[in-house]
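*Asks:* Numbering (the working numbering), first residue to last: 179 to 588. The C-beta atom is built at its ideal place from N, Cα and C for all residues, glycine as well.
(1) Could you check whether the Cβ of residue 365 sits closer than 8 Å to any heavy atom belonging to the ligand ADP?
(2) What is the DSSP secondary structure of residue 513, counted as helix, strand or coil?
(3) Closer than 6 Å by C-beta to residue 442: which residues in its own chain qualify, once you throw out the five before and the five after it? Chain order, please.
(4) Would you mind reading off the limits of the alpha helix (DSSP H) that contains residue 380?
(5) Distance, Cα to Cα, residue 213 vs residue 466?
(6) Buried or exposed: which applies to residue 541, given that a residue is buried once 16 or more other Cβ atoms fall within 10 Å of its Cβ?
(7) Among the candidates 563, 420, 480, 296, whose CA atom is the shortest distance from the CA of residue 325?
(8) With 16 other CB atoms within 10 Å as the buried threshold, where does residue 394 fall?
(9) Measuring straight from C-alpha to C-alpha, what distance separates residue 199 and residue 226?
(10) For residue 527 and residue 555, which I take to be in contact (beta-carbon distance under 8 Å), what is that distance rounded to the nearest angstrom?
(11) Express the C-alpha separation of residue 517 and residue 224 in angstroms, rounding to a whole number.
(12) Quick check on DSSP: helix, strand or coil for residue 529?
(13) Along the alpha helix (DSSP H) that carries residue 204, what are the first and last residues, could you check?
(14) Take residue 381 and list the residues in its own chain whose beta-carbon comes closer than 7 Å to its own, dropping the five residues that flank it on each side.
(15) Could you check if residue 256 is buried or exposed, using at least 16 other CB atoms within 10 Å of its CB as the buried criterion?
(16) Is residue 322 helix, strand or coil by DSSP?
(17) Look at the Cβ atom of residue 285, then the Cβ atom of residue 377, and state whether they are nearer than 9 Å.
(18) Using a threshold of 9 Å, state whether the C-beta atoms of residue 529 and residue 550 are closer than that.
(19) Nearest by alpha-carbon distance to residue 203: which of 418, 552, 482 is it?
(20) Which of helix, strand or coil does DSSP assign to residue 552?
(21) Considering residue 375, what are the terminal residues of the alpha helix (DSSP H) in which it resides?
(22) Would you kindly report the start and end of the unbroken beta strand (DSSP E) that includes residue 576?
(23) Hey, quick one: how far does the alpha helix (DSSP H) through residue 461 stretch, first residue to last?
(24) What are the start and end residues of the alpha helix (DSSP H) that includes residue 328?
(25) Can you tell me whether DSSP reads residue 570 as helix, strand or coil?
(26) Name the DSSP beta bridge partners of residue 534, please?
(27) Beta-carbon within less than 8 Å of residue 186's beta-carbon, same chain only, minus the 5 sequence neighbours each way: which residues are those?
(28) The alpha helix (DSSP H) with residue 519 in it runs from where to where?
(29) Return the residue from the list 320, 303, 398, 369 that minimises the CA-CA distance to residue 349.
(30) Compute the Euclidean distance between the alpha carbons of residue 401 and residue 361, then round it to the nearest angstrom.
(31) Taking the straight line between their C-alpha atoms, what separation do you get for residue 456 and residue 537?
So, in structure tokens, the structure goes:
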């Protein structure tokens, strides 16, 4: 549990740093790298989490090879008047449990809201929308949008053919199809899951919204690239007019369409042409980016990903390695009894035992590698250590030294 908490803290700090960097440099990236490269840079967040997750495994491998050893544990004769029951590391574990419960409740609440939006969309489509094609649905007042994970579903206003001319319809349909081909609905689900896990992090709230904006900017760029449209071309101007028209139509609608009543302005597993709830700031950003479509440089994205991966390893491996060198902390520790004969005769000594921790958190393959004096304390040491419990490990090797001392010497 302690390791899980430590990973949560490390991942939160690192993801916050990456998110802050992406947010701060967003304007510069859009100007110099272009919308597509800027959108691709958001992959650095899940990449950093994956690398952070691998770092403890690297440290565990090192611990398995070298064999980590805990600090010596003293067994005092004066305290061994009765057999002690298994002693969990109680108060500390309770604190960790409380933290995990609070975090888990938050994750469930955020996830539940997302699921609620998806369920509401499903019933909205089933009860209200009219199927006008294999993957196409129509309903009054909705903004053109795409949703679905395994097959595309296109939602259009019921007056789509009458309020938009042929070129405008082509722009809108190309934009939504482009979202699907790029895998944006799946990317949105991954982003939503990451956001749910980091619900307590305000930077993730800002990063999620910025990610969705950059997604639309990148899709605009891909659509115009398909038409080979330059920023000052007639095609670009007409595309901007279509974007403005779609936003105006959507924001002025008085219907109870799903997209107007969504819990969030941007929902998982969906995309929107125009702007959800008439977001004027986002609309302005899209217009500006249409006039500034830098081709960017994919090398920058690749180099950034490599640098973030290296930083993530450097961030977490030292911590994980330090923990491994100190050996995993036992969740349940049973103290050995001080042998009565040794206590009567004032015999002191120590036992060093090597063992492995299995996937159930149990100790296995216990081996005495040192005992001073021999034949006195080994039995009690082995009995106690066989009952210790740890966080599940993949046969990580550790060493414990038990020191048996008389109370008068402490």
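*Replies:* Short version:
(1) You won't find the ligand ADP in this model; it holds no ligand whatsoever.
(2) coil
(3) No answer about residue 442 holds up, because its pLDDT of 45 lies below 50 and its placement is not dependable.
(4) 380-404
(5) 11 Å
(6) buried
(7) 296
(8) buried
(9) 13 Å
(10) 6 Å
(11) 54 Å
(12) strand
(13) 204-210
(14) 194, 197, 198
(15) In this prediction, residue 256 scores a pLDDT of 45, lower than 50, which makes its location untrustworthy; no coordinate-derived value is stated.
(16) coil
(17) yes
(18) yes
(19) 482
(20) coil
(21) 362-375
(22) 574-583
(23) 458-468
(24) That residue, residue 328, is in no alpha helix (DSSP H); it is neither H nor E in DSSP.
(25) coil
(26) 542, 575
(27) 281
(28) 518-522
(29) 398
(30) 15 Å
(31) Its pLDDT being 48, under 50, residue 456 is placed unreliably in this model, and the value from its coordinates should be taken loosely. Each residue's alpha carbon lies about 53 Å from the other.
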